[in-house]
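Trainee: Take this structure, written in structure tokens, and hold onto it; I'll ask about it next.
Here is the structure:
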């Protein structure tokens with residue numbers, strides 16, 4: 001397995017936002033089976049290290065492609081854009097204001113330990129927003145509007161973090 005291949009090539013998939021996830025899962029399982037380090041236990045040190053490195057690359061590629069946020073970042077990196085979101089924030093004031101309001105709602109729910117219906121409604125809205133942002137990115141990427149897709153990626157990061165924070169609070173409330 002050549003480490004210089006991009007992650008899509010590893011799985012023989014087109015370099016695209018829209019993917020056949022069943023094909024990705026099938027190819028991932030097949031590569032894991034053939035290239036798993038346990039299968040190289042009786043080989044020399046070099047072959048064992050190579051197997052471990054290859055398995056790590058396959059796992060990283062799979063996780064990157066499977067996750068919408070990391071897939072979007074990776075696709076833009078392949079197009080020459082530095083998609084490091086630590087240094088890029090959206091300039092969409094309305095979006096940022098809405099994010100602040102949503103964060104306040106989540107804080108209120110967290111402080112009051114419920115109500116569960118409010119958290120469920122917030123979760124549904126947050127997931128719808130995240131999907132809409134992913135669709136916006138997909139449209140921009142497809143027409144090669146990479147700078148716009150890059151800006152949308154910043155929004156995707158906010159939305160993904162918010163969905164994850166809701167999931168964490170839901171899990172915490174389940175434990176009570």
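Numbering (the numbering used here), first residue to last: 1 to 176. Note that the Cβ used here is the ideal one computed from N, Cα and C, for glycine as well.
(1) I need the boundaries of the alpha helix (DSSP H) containing residue 34, first residue and last residue.
(2) Taking the CB atoms as reference points, tell me whether residue 141 and residue 17 lie closer together than 9 angstroms.
(3) Tell me the residue span of the alpha helix (DSSP H) that contains residue 61.
(4) To the nearest angstrom, how far is the alpha carbon of residue 112 from that of residue 58?
(5) Please name the residue in 174, 61, 157 and 23 whose C-alpha comes closest to that of residue 10.
(6) For a test of the three-state rule: what should DSSP assign to residue 164, helix, strand or coil?
(7) Closest by CA to residue 74, which one among 96, 150, 37 and 132?
(8) Do you know whose CA, among 123, 68 and 78, lies nearest residue 138's CA?
(9) With DSSP run on the structure shown, which of helix, strand or coil describes residue 80?
(10) Between residue 104 and residue 98, what straight-line distance do the alpha-carbon atoms span, to the nearest angstrom?
(11) How is the alpha helix (DSSP H) around residue 92 delimited, first residue to last?
Mentor: In short, the structure shows the following:
(1) That run of the alpha helix (DSSP H) goes 21–35.
(2) yes
(3) Unbroken alpha helix (DSSP H) run through residue 61: 45–66.
(4) 44 angstroms
(5) 61
(6) helix
(7) 150
(8) 68
(9) coil
(10) 10 angstroms
(11) Careful: residue 92 lies outside any alpha helix (DSSP H) and carries neither H nor E.
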